[in-house]
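Residue numbers for the sequence shown follow my numbering, so the first one is 20 and each next one is one higher.
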Amino acid sequence: MKLIIIIIIDVRLLNPQWPKGKNREINPAHIEKLRNSLASGVRRLDAETRMKADITRNDFKLFLKHMASQYSASPPAAVVPLHKGKPVVQWTTQVIEEIMRNTVGLKDAQPNDVILFDWPSDIPNLTLDAGQHRKLALESLLVDQAAAAVNPPPPPDDGTSPPPPVKAPTDEDYLWAVDIYASDDFNMEMWMALRSNRREVQNPDADGVFLIRILEVFEAKSLAEQKKLLTSSKLKEWLSQMLGIDLTWVHRILSILKHTGFKRLFKQYCSTPYGALHFNFTTADKMVKLDQIWFRHFEEFFTFERTIFGDLSSKVTGADWSELMTLPVPREHSILRPLSFPTNDDYMNGALNHNLLRLPTAYTDGNLTLPQMKPFTKRGATYQTRRPDFFRTLSDDEYCHLFENLWNHPDLKCPSWQTWTMIAKDVAEPTAKVLKHMTYWFDPEWKYPEAAKKTLQSFSWRNEVQTVILEDSTLTAGGVRGYEPNADTSQVAERLINEVWDEVEEEPLWRDAELTKAVSEKSNLKRFKYRHWAKMVKIALSYAGPALAGKMVVYNDLSKLQENLVNWTAWGHLSAQVNWAQNPMVRGVRVLNTDSMKRSFTSEANVLGALWGYRTLKQIMLETLEKGFPSQVTRSKASVISDEEEWKTAMDHLHQYALILHTNGWNPELDNMIEDLSPYHMNINNHQERTAETRPGFTTAIPKSADLIKGDKGSQILLKKVQAQSLGIPQSSSSTPSQSGPAPSQSGPQNNAVINNNAQSEESDDNDVSDDNHGAGKGGQGAGKAGRGSAKAGQGGSNAGGGDGGEKSKKRARKETKGAASKRRKSN
20 MKLIIIIIID VRLLNPQWPK GKNREINPAH IEKLRNSLAS GVRRLDAETR MKADITRNDF
80 KLFLKHMASQ YSASPPAAVV PLHKGKPVVQ WTTQVIEEIM RNTVGLKDAQ PNDVILFDWP
140 SDIPNLTLDA GQHRKLALES LLVDQAAAAV NPPPPPDDGT SPPPPVKAPT DEDYLWAVDI
200 YASDDFNMEM WMALRSNRRE VQNPDADGVF LIRILEVFEA KSLAEQKKLL TSSKLKEWLS
260 QMLGIDLTWV HRILSILKHT GFKRLFKQYC STPYGALHFN FTTADKMVKL DQIWFRHFEE
320 FFTFERTIFG DLSSKVTGAD WSELMTLPVP REHSILRPLS FPTNDDYMNG ALNHNLLRLP
380 TAYTDGNLTL PQMKPFTKRG ATYQTRRPDF FRTLSDDEYC HLFENLWNHP DLKCPSWQTW
440 TMIAKDVAEP TAKVLKHMTY WFDPEWKYPE AAKKTLQSFS WRNEVQTVIL EDSTLTAGGV
500 RGYEPNADTS QVAERLINEV WDEVEEEPLW RDAELTKAVS EKSNLKRFKY RHWAKMVKIA
560 LSYAGPALAG KMVVYNDLSK LQENLVNWTA WGHLSAQVNW AQNPMVRGVR VLNTDSMKRS
620 FTSEANVLGA LWGYRTLKQI MLETLEKGFP SQVTRSKASV ISDEEEWKTA MDHLHQYALI
680 LHTNGWNPEL DNMIEDLSPY HMNINNHQER TAETRPGFTT AIPKSADLIK GDKGSQILLK
740 KVQAQSLGIP QSSSSTPSQS GPAPSQSGPQ NNAVINNNAQ SEESDDNDVS DDNHGAGKGG
800 QGAGKAGRGS AKAGQGGSNA GGGDGGEKSK KRARKETKGA ASKRRKSN
């Protein structure tokens, strides 16, 4: 394929109708984007924005002959005739260029530019292969300019100076640089390469547009030819030759081309205006590695497209699509109506001051003029204005139809690429990390492919899990798989990966950077003392059965895993990091500035963090139960829990605080709706015996919407009581909520479970404490065990078949307390 000449030509002379094949459909939204881009400056001569056209070699010779015939033997401004007496048929392109350069002046033109304002009538017009949208955008913009020049707007009523008059466009304004190719050299692949360019005028191709170009050309080849290109070196060479693209990360494209499912999926996604704008190869490459697990996320996107946009999808710009994604779900009518149909009254009364509803600056400076539209009636109200610069490519009927779809499907979500990028980092990366460990647990010889290995390009976690974990792992004697013998292990592997993904997505500890760092610094087996890692072992065994190998064999017995669990928060770790790095009262005293002292401080700072966290968080959660979840508009500034997802996270953290407190001798009543929170202070004046009634049910309670519980006096009294108790204010009997019923002295079944799990955790963790830290904390540890024994006593006594288990726990607790006291006396 040969580029025979570059010319600057009037775009009206270019023919967008192809003699072979059909040009792609005109996209009005794309033209509108190009118009906006052109209005801020036309880069008509840049190499990046040149259009592509073709001509036969014979017609090109006729073109040269025609051009040469317009000039005498001595061209203007040429000291010596450039043709040197040769006949016209032997004149070179350089001669023609030089002649034309000296006869036509054009700003920004280069010395060798060939500039054409007309085309020979006896030669077919150039066929435009790439650039029809640019051509139409420029032509329509100049038509509007010509109309404005003939009919200028009236002068302003406010007495200000009128804008300068609009000049009518000249022929020079229609010029554009075009690459001309010899069509005789074309094969189908070359046609596709030239005609796949969807470049916007002022921006380089986005990755999504780039991928569409590659796929259009690649899929035009036979399957045998496609297969030959599926190596890094061949693909890189082909991209350079056919599309003029040199890449250092060709492996990312290769992984997509090799995956039939993702190749189809990404093509469909990038064919949408939003996908073309936001897709990137870096995130896409991570998606391919996790295989079908991403398919459900894409289906969510396409469901939104089909349901909300329908046939209008191609007319919706990527910017408008992005704006819809910013709306909180569910999309409330109080937001949708002023967003779609703002009125002058909305603007005057401040209803449009919300971030999502603000009008463009151009419509708020000076006189406000909203675009008029056909009357539209909804909920008994009629609207005649629409939002400026919002879905401007849609007609009034299409605009209102879109609003109806949004109104009828308020809960339908549309995930953004930015959201997927965050998921790739916060969920996909930890999931891949877990799967690497999990595969190693069943085969200690297994290794993840290195970056330079070809096997990485076709790597699939589903295949690895299916083979290594489910099929090739060796069960212990008497062990059985967690799936039926005739089950499709490929589908079982997919379910296992999905469960790991969901667990990572729901478990906040996987996003705790400090915990991740702390765990990575420990030996391999110690990580399973933490609940989020232990849960992964349980998931693996639930599918593969007891088939762990190497050092992991011990955990084929899940009871061993349960015994080792400990509780952890970042409070102590972060506090120690800051103080031992910056606090002069630590760094200036040698005996304090040691690792053993740092570990001692860490354990006590964990308790301090748990005290503050438990008291503060539970008080906020009780307030949320009283007030309800805030509305979408006030959510970001609310002092209560925002929604059910945040409530779930808060409850999880509260459980962790309660476990740490109980380990250290406190007795938090987690399930108590009217728990006295005042003892959870460092101020010793708050540590006094109190007799308070209890009401279980907190751990299973979920707040309602704020609108549903306004005026609930009983809940308001409850909140005031809890707040007063936190401040140590005595309450009269009349302030007790009337709905309070009798409750057991302990906090209910869930709290008992918390206590029991915590006891197991502490007993198993004793062996892992360093000697220095162990010695420093013996007294507090003994007291903690005493409190824990008392808790067990209550638990044992409350069980029907408990026997004398509670009494034994009491005796053991008394012995432990005496032992701790004896040691303290000796040390004194």
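For each residue, glycine too, the CB sits at the ideal point set by N, CA and C.
Contact between the stretch 673-681 and the stretch 629-636 is present: 3 or more CB-CB pairs across the two stretches fall below 8 Å. Straight-line measurement puts the Cα of LYS80 at about 56 Å from the Cα of THR438.
Excluding five sequence positions before and after SER509, the CB atoms of its chain that fall closer than 6 Å to its own CB belong to GLN485, given in chain order.
Counting C-beta pairs closer than 8 Å gives three or more between the stretch 327-336 and the stretch 393-412, which meets the contact rule.
Contact between the stretch 319-329 and the stretch 348-355 is absent: fewer than 3 CB-CB pairs across the two stretches fall below 8 Å. Annotated as proximal: CYS289 and PHE298, with beta-carbon spacing under 7 Å. As DSSP reads the structure, SER724 sits in a beta bridge with PHE648. Apart from sequence neighbours up to five positions away, the residues of its chain that approach LYS579 with a beta-carbon distance below 7 Å are VAL573, ordered along the chain.
Per DSSP, reduced to three states, the secondary structure at ASN702 is coil, with no helix or strand assignment.
In the displayed model, LYS393 falls within a strand according to three-state DSSP.
In the three-state reduction of the DSSP assignment, THR291 falls in the coil class, being assigned neither a helical nor a strand state. Going by C-alpha positions, LEU242 is about 36 Å away from ALA196.
Closest in alpha carbon position to ILE272, among PHE314, PHE229, LEU296, TRP313, is PHE229.
If you ignore the 5 residues before and after TRP465, its C-beta comes within less than 7 Å of the C-beta of THR458, TYR459, VAL487, all in its own chain and listed in chain order. Counting C-beta pairs with one atom in each stretch, the stretch 68-75 and the stretch 144-162 have three or more that are closer than 8 Å, which means they touch. Note that the C-beta distance between ASN144 and LEU32 is below 7 Å. Look at MET70 here: in three-state DSSP terms it is strand. Comparing alpha carbon positions, the residue from HIS551, ASN598, PHE717, ASP203 closest to LEU644 is PHE717. In the structure shown, the three-state DSSP call for TRP599 is helix. In chain order, ASP226, ARG271 place their CB closer than 6 Å to the CB of PHE300, counting only its own chain and leaving out the 5 sequence neighbours on each side. Annotated three-state conformation of ALA512 is helix, per DSSP. Taking a cut-off of 8 Å for Cβ pairs, the stretch 597-613 and the stretch 522-530 do not touch, as fewer than three such pairs fall below it. In the three-state scheme derived from DSSP, where H, G and I count as helix and E and B as strand, LEU309 is classed as coil.
In this structure, DSSP gives TYR200 an extended state, which the three-state scheme calls strand.
Where ALA165 is concerned, the enclosing alpha helix (DSSP H) starts and stops at 151-169. The DSSP-derived three-state label of ALA303 is helix.
DSSP, reduced to helix, strand and coil, places THR713 outside both helices and strands of the structure shown, so it counts as coil.
Counted as a single uninterrupted DSSP element, the stretch harbouring TYR402 is not any alpha helix (DSSP H) but the beta strand (DSSP E) occupying residues 400-404. Per the C-alpha coordinates, the member of TYR200, PRO183, VAL162 positioned closest to THR189 is VAL162. Taking the Cβ atoms as the reference, ILE24 lies roughly 5 Å from ILE199, within the contact range of under 8 Å. Looking at the DSSP output, TRP195 sits in a beta bridge with ILE28. ASN691 carries a strand assignment under DSSP once its states are collapsed to helix, strand and coil. For PHE321, the enclosing alpha helix (DSSP H) starts and ends at 314-323. Nearest in C-alpha terms to GLY501, of all of THR267, SER561, LEU371, PHE547, is SER561. Only buried fits TRP590, as 16 or more other CB atoms lie within 10 angstroms of its CB. The C-beta of SER697 has 16 or more other C-beta atoms within 10 Å across all chains shown, which makes the residue buried.
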